[in-house]
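Here's the structure, in structure tokens; my notes come after.
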Amino acid sequence: MRKNLLKNKADFIGFSLKILGNSDSNLIGIRGQVIFETKNTFLVYMGGRVKRIVKANGFYELDFKRSHITICGYKLVDRPAKRVSRG
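Numbering (my numbering), first residue to last: 496 to 582.
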């Protein structure tokens with residue numbers, strides 16, 4: 496499921512994100528919705544605030560509709576469109 500989701504999803508905008516682990520311990524446990532994605536970061540909306548999260552520094556749980564993945568952030572470091580072509 497994880498490989499198919501990563502291959503078929505150009506970006507993670509709209510996904511619910513939970514930070515399971517991060518080099519910044521203050522971020523662990525934070526939940527929000529991905530509103531923008533760059534090569535190295537997620538912009539996450541969390542109840543009235545927006546936070547920029549560095550992908551490579553964390554371990555994440557991502558949910559969208561009926562799809563659910565848990566993944567290390569370094570596997571997501573790339574431009575969203577390039578991630579699809581890499582498959």
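Backbone N, C-alpha and C fix where the C-beta goes; we use that ideal spot for every residue, glycine too.
Taking a cut-off of 8 angstroms on C-beta distances, the segment 521 to 529 touches the segment 539 to 554, as three or more cross pairs fall below it.
Taking C-beta atoms as the reference points, Gly-516 and Phe-559 fail to come closer than 9 angstroms. Counting other Cβ atoms within 10 Å of its Cβ, Ile-548 reaches 16 or more and is therefore classed as buried. Sequence-distant partners of Lys-534 (beyond 5 residues in either direction) whose C-beta falls short of 7 angstroms from its own C-beta, in its chain, are Val-572, Asp-573 and Arg-574.
An exposed status is given to Gly-509, since fewer than 16 other beta-carbon atoms sit within 10 Å of its beta-carbon.
Within 10 angstroms of the beta-carbon of Val-529 lie 16 or more other beta-carbons, which makes it buried.
C-alpha of Lys-546 to C-alpha of Glu-532: approximately 12 angstroms in a straight line.
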